[in-house]
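Asks: What the sequence shown shows, in UniProt numbering, is residues 1 to 391, in sequence order.
Following this message is one structure expressed as structure tokens.
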Amino acid sequence: MKLGIDRLLQHDLPEPLAAKLRRSRIGMLTNDLALTSQLTRGRASLADAGWSLDLLFGPEHGLDGRAREGELVSGGVDRVTGIPVRSLYGADVRPAPEDLSGLDVVLVDLPDVGARFYTYIWTMSHLLEACADAGVSVVVLDRPNPLGGRLDQAEGPMLDEAAQSLVGRWSMPIRHGLTIGELARHWVRTRGIDVELDVVAVDGWERTQTAIGRQELTWMPPSLNLPSAATTLLYPGTCLAEGVNVSEGRSTAVPFRVIGAPFIDAEDYAQAVNALELPGLAASPYGFTPLVRDHAGQACEGVILHVTDAEALRPVHTGVRLLSLLAELYPDSLVERSLVPMPGESDWSPLEKLFGVHGAFAQIAAGQWNDPASLAVPRWAAAVEADLIYA
Numbered sequence: 001m002k003l004g005i006d007r008l009l010q011h012d013l014p015e016p017l018a019a020k021l022r023r024s025r026i027g028m029l030t031n032d033l034a035l036t037s038q039l040t041r042g043r044a045s046l047a048d049a050g051w052s053l054d055l056l057f058g059p060e061h062g063l064d065g066r067a068r069e070g071e072l073v074s075g076g077v078d079r080v081t082g083i084p085v086r087s088l089y090g091a092d093v094r095p096a097p098e099d100l101s102g103l104d105v106v107l108v109d110l111p112d113v114g115a116r117f118y119t120y121i122w123t124m125s126h127l128l129e130a131c132a133d134a135g136v137s138v139v140v141l142d143r144p145n146p147l148g149g150r151l152d153q154a155e156g157p158m159l160d161e162a163a164q165s166l167v168g169r170w171s172m173p174i175r176h177g178l179t180i181g182e183l184a185r186h187w188v189r190t191r192g193i194d195v196e197l198d199v200v201a202v203d204g205w206e207r208t209q210t211a212i213g214r215q216e217l218t219w220m221p222p223s224l225n226l227p228s229a230a231t232t233l234l235y236p237g238t239c240l241a242e243g244v245n246v247s248e249g250r251s252t253a254v255p256f257r258v259i260g261a262p263f264i265d266a267e268d269y270a271q272a273v274n275a276l277e278l279p280g281l282a283a284s285p286y287g288f289t290p291l292v293r294d295h296a297g298q299a300c301e302g303v304i305l306h307v308t309d310a311e312a313l314r315p316v317h318t319g320v321r322l323l324s325l326l327a328e329l330y331p332d333s334l335v336e337r338s339l340v341p342m343p344g345e346s347d348w349s350p351l352e353k354l355f356g357v358h359g360a361f362a363q364i365a366a367g368q369w370n371d372p373a374s375l376a377v378p379r380w381a382a383a384v385e386a387d388l389i390y391a
């Protein structure tokens with residue numbers, strides 16, 4: 001398999017695109033987690049190969065990938081290449097006109113996780129619009145979707161666009177099944193973004209492939225709290241726990257594989273989860289003490305989740321049922337989290353933004369989304385058919 005960045009480094013590009021890049025002033029949206037197949041930083045390998053990069057843009061977690069979730073990041077100079085860096089997760093979420101005025105093209109090379117609320121894709125959406133305004137081309141160096149690309153496994157609900165934030169701007173399901181390059185093509189086509197876009201496709205990837213299995217041996221966490229491909233498969237569901245007063249295990253060895261709180265009885269909860277017989281999932285009683293966010297420094301009881309069948313698992317439905325079950329077991333303890341919105345975002349709650357539906361907490365607690373059929377998105381495959389690159 002050759003990633004988009006590999007193909008650029010090996011000069012495996014159509015000649016018109018190769019010629020354009022050779023004569024262009026180039027910027028790049030990337031981070032340390034965007035490695036080549038040789039496990040080197042993509043931007044460093046480009047600089048070593050003689051490509052001239054004039055400006056770097058960093059997403060959430062910063063160019064080095066080390067900032068905590070939600071932590072605003074400043075710009076500076078890249079210590080690896082010596083190239084100036086502009087943060088797109090700080091005072092601004094899109095490049096300023098003066099940043100783009102000295103560029104002809106911006107490369108995008110970011111590791112996505114396949115979930116709607118992962119911020120990297122929305123940073124790219126702002127970049128596409130800014131480049132359109134500035135007359136700058138965009139080239140996406142594509143990467144596989146670690147959850148695979150089977151559109152029959154996509155799970156909603158579709159985002160209500162009133163929920164505007166950096167975890168969701170435009171209507172799409174939570175588990176979307178597209179690569180970052182396919183998403184760029186979809187948005188350019190359907191949102192009327194007038195930008196010249198090229199996608200350097202992955203050579204050798206098929207939609208049925210996920211990061212589970214042999215590829216996991218070289219897994220590079222796309223952010224601090226996704227340490228394994230199996231964790232990433234659970235993430236589209238367990239991330240919903242961020243919207244309520246339980247811990248999803250950030251700061252522990254098993255983030256997004258655990259759900260816990262001081263008010264949970266581990267034995268009771270594990271037994272109840274397993275009684276649901278959720279496809280591809282098993283739960284064991286588990287205790288932990290988170291160091292950040294909800295219940296920091298407090299002993300929590302809950303469950304650790306095991307993926308027993310990656311093909312059968314439906315992570316969003318799993319996450320919904322984990323929360324609705326907590327509401328059944330602990331109706332007086334489970335509450336929705338509130339959060340001051342970032343500038344330009346809607347005033348919806350964190351859970352509403354993640355789930356994409358107004359009133360999400362009350363609906364999930366009442367069991368309105370317990371049926372996996374309620375999360376079906378039958379029109380999604382047809383809506384993106386024109387944007388697909390891979391079979």
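Heads up, the beta-carbon is just placed ideally off N, CA and C, and yes, glycines get one too.
#1: So what does His306 bridge to, in DSSP terms?
#2: Mind checking which residues open and close the alpha helix (DSSP H) that includes Gly356?
#3: Under 8 Å by Cβ, that's how I've got Pro173 and Met158 pegged, so tell me the actual separation to the nearest angstrom.
#4: From Met342 to His61, what distance separates their C-alpha atoms?
#5: Just grab the DSSP bridge partners of Phe288 for me.
#6: Which of the three DSSP states is assigned to Pro255 in this structure?
#7: For Pro262, which of helix, strand or coil comes out of DSSP?
#8: Can you tell me whether DSSP reads Ser228 as helix, strand or coil?
#9: Does the beta-carbon of Leu291 have 16 or more other beta-carbons within 10 angstroms, so that it is buried, or is it exposed?
#10: Using only alpha-carbon positions, find the residue among Arg321, Arg22, Ala230 that is nearest to Ala275.
#11: Mind checking Glu267: buried by the 16 CB within 10 Å criterion, or exposed?
#12: For Glu196 versus Ser137, is the C-beta distance shorter than 7 Å?
#13: How do the region 313 to 330 and the region 363 to 376 stand: do at least 3 beta-carbon pairs fall below 8 Å, yes or no?
#14: Mind checking who Thr30 pairs with in its DSSP beta bridge?
#15: In this structure, how does DSSP classify Gly168 when only helix, strand and coil are distinguished?
#16: What is the rounded straight-line gap between the Cα of Leu141 and the Cα of Val199?
#17: Which term fits Ser74, buried or exposed, when burial requires 16 or more other beta carbons within 10 angstroms of its beta carbon?
#18: Is the region 238 to 245 touching the region 76 to 90, taking contact as three or more C-beta pairs under 8 Å?
#19: When you compare the region 37 to 44 with the region 122 to 129, are there three or more beta-carbon pairs, one atom per stretch, that lie closer than 8 Å?
#20: Enumerate in chain order the residues of its own chain whose CB-to-CB distance from Ala201 is below 6 Å, with the five nearest sequence positions on each side excluded.
#21: So is Met28 buried or exposed if we call it buried at 16+ other beta carbons inside 10 Å?
#22: Please list the terminal residues of the continuous beta strand (DSSP E) segment that includes Gly58.
#23: Is the beta carbon of Ser247 sitting closer than 7 Å to the one on Gly260?
#24: With DSSP run on the structure shown, which of helix, strand or coil describes Gly181?
#25: Cutting at 7 Å between CB atoms, please list the residues of its own chain near Leu333, excluding the five before and the five after it.
#26: Does the distance from the CB of Val316 to the CB of Leu375 come in under 7 Å?
#27: Within 10 Å of its beta-carbon, does Ser24 have 16 or more other beta-carbons around it, so buried, or fewer, so exposed?
#28: Can you tell me the Cα-Cα spacing of Asn225 and Pro255, whole angstroms?
#29: List the endpoints of the continuous beta strand (DSSP E) containing residue 404.
#30: What's the gap between the Cα of Leu351 and the Cα of Pro372?
#31: With a cut-off of 7 Å, does the C-beta of Glu328 fall near any C-beta of chain B?
#32: What are the boundary residues of the beta strand (DSSP E) that includes Val199?
#33: Below 8 Å on the Cβ atoms is my contact criterion, and I expect Thr210 with Leu147 to pass it. Report the Cβ-Cβ distance as a whole number of Å.
#34: Are the beta-carbon atoms belonging to Glu129 and Ile193 less than 7 Å from one another?
#35: Measuring CA to CA, which of Leu151, Gly149, Asp152, Val105 is closest to Asp133?
#36: For Val80, which residues in the same chain have their Cβ closer than 6 Å to its Cβ, ignoring the five residues on either side in sequence?
Replies: Well, looking at it:
#1: Ala282
#2: From DSSP, Gly356 is part of no alpha helix (DSSP H); its letter is neither H nor E.
#3: 6 Å
#4: 16 Å
#5: Cys300
#6: coil
#7: coil
#8: coil
#9: exposed
#10: Arg321
#11: exposed
#12: yes
#13: yes
#14: Asp109
#15: strand
#16: 6 Å
#17: exposed
#18: no
#19: no
#20: Asp142, Ile389
#21: buried
#22: 53 to 58
#23: yes
#24: helix
#25: Leu is not the amino acid found at residue 333; the sequence shown has Ser there. Once the five neighbours on either side are set aside, the close Cβ partners of Ser333 are Phe263.
#26: yes
#27: buried
#28: 6 Å
#29: Residue 404 falls outside the range modelled here, since the chain spans only 1 to 391, and no answer is possible.
#30: 19 Å
#31: Structure shown: chain B not included; a single protein chain is present.
#32: 197 to 200
#33: 6 Å
#34: yes
#35: Val105
#36: Ala44
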